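>
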Amino acid sequence: MKTETIEYNDGDVKLVGYLAYDDKKTGKRPAILVWPEAFGLGEHAKKRAERLAELGYVALACDPYGNGAQASDLPGAMKLATPLFENPDKLRKRGRSALDKLASLPQVDSSRIAAIGFCMGGTFSLELARDGAPLRGIVSFHGGLQTQRPAAAGQVKARILVCTGADDPMIPVAQVNGLAEEMTKAGANWQIISYPGTVHSFTNVDADAVGMPGIKYNKHADEHSWRAMKSFFEEIFAA
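In this text, residue positions in the sequence shown follow our numbering: the first is -13, and each later residue adds one.
1) Whose CA, out of Cys48, Leu77, Met215, lies closest to the CA of Ser126?
2) Taking only the alpha-carbon atoms, compute the straight-line gap between Asp147 and Asn(-5) and give it to the nearest angstrom.
3) How many Å lie between Ile227 and Leu112 at the Cα?
4) Compare the Cα-Cα distances from Gly123 to each of Met(-13), Ala6, Phe25, Glu220 and report the closest residue.
5) Run the CB neighbour count on Thr184, radius 10 Å, all protein chains shown included, and call it buried at 16 or more, exposed below.
6) Thr170 lies in the alpha helix (DSSP H); which residues open and close that run?
7) For Met138, count the other beta carbons within 10 Å of its own beta carbon; 16 or more makes it buried, fewer makes it exposed. Which is it?
8) Taking the alpha carbon of Gly3 as the point to measure from, which residue in Asp75, Ala47, Arg98, Gln132 has its own alpha carbon closest?
9) Between the segment 128 to 136 and the segment 39 to 56, do at least 3 Cβ pairs fall closer than 8 Å?
10) What are the residues that DSSP puts in a beta bridge with Thr150?
11) Using DSSP with H/G/I as helix, E/B as strand and the rest coil, what is Val196?
12) Please list the segments of the alpha helix (DSSP H) lying wholly inside the segment 73 to 124, counting only runs of 4 or more residues, in order along the chain.
13) Would you mind reading off the limits of the beta strand (DSSP E) that contains Thr(-9)?
14) Confirm, please, whether the CB-CB distance from His128 to His210 is below 7 Å.
15) Just checking my contact of Ala45 with Ala89 at CB under 8 Å: how many whole Å lie between their CB atoms?
16) Would Pro16 and Phe188 be called neighbours here (beta carbons separated by less than 7 Å)?
17) What three-state label does DSSP hand His128 in the structure shown?
18) Anyone know if the C-beta pair for Leu1 and Asp49 falls short of 7 Å?
19) What does DSSP give as the partner residues of Ile18 in its beta bridges?
20) Quick one: Cα of Val191 to Cα of Gly28, how far?
21) Taking just the CA atoms, how far does Arg145 sit from Gln161?
22) Start and end of the alpha helix (DSSP H) containing Leu38?
23) Looking at the secondary structure, which residues open and close the alpha helix (DSSP H) in which Lys11 lies?
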């Protein structure tokens, strides 16, 4: 497997992503955008990109903030994330810059690209879908599901898989139901898997270190949601 730092731009903002792929394979292949949690591009998203590369995909773990900026605590993460989430156009443009970069790579079949995201990254993936980005599918892991700009009818091209914790205090049932209603009205192809006894950040083995009762790793939900993602990708990329 080859991994490398890769630079791309959103206007005058320099972004520093992390690319992983099997350099022993030849020809173009499907590719995945990997959007990190609100703390920025760190080891969790990078390791997921590497796992996707082991499955045969080209994976780009994306830089949401610029210059690889990361936060060390939740207040710092919110300070970085808030300017993006206050402006859907800015967030979606940031997402498109990563998509354009990934699609331009010589190893990538630009007609077969998907996106996954964790926490804030799940929101990034959903906003790209709402924006009509040319993605085969998106997967949100414990991602925020609300939006200031709901999907218009017929606009969503990507198939959608949402994996969420049934007891996640940050993603309440009303928000889950709201997404289902939004995507149904938009005519999207969507599915939601809700894991009982599961709270926020269930895919991150370091989540417990945050020290908040609503944030905790869950081995079963982590492993099951990853298997669901793999099956989802096999289906959408074969279509």
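C-beta atoms are modelled at their ideal positions from N, C-alpha and C, and glycine is treated no differently.
Note that this is a predicted model, so its numbers are computed, not measured.
The short version:
1) Met215
2) For the sequence presented, residue 147 should be read as Leu rather than Asp. Distance between the alpha carbons of Leu147 and Asn(-5): 28 Å.
3) Outside the shown range of the chain, which is -13 to 225, sits residue 227, and nothing can be said about it.
4) Glu220
5) buried
6) 159 to 172
7) Looking at the sequence provided, one finds Ala at residue 138 rather than Met. Looking at its Cβ environment, which holds fewer than 16 other Cβ atoms inside 10 Å, Ala138 is exposed.
8) Ala47
9) no
10) Ser180
11) helix
12) 74 to 90, 106 to 116
13) -12 to -4
14) no
15) With 8 Å as the limit, Ala45 and Ala89 do not qualify as a contact, their Cβ atoms being about 13 Å apart.
16) no
17) coil
18) yes
19) Ala45, Ala100
20) 13 Å
21) 19 Å
22) 29 to 40
23) It is not in any alpha helix (DSSP H) - Lys11 carries neither H nor E in the DSSP assignment.
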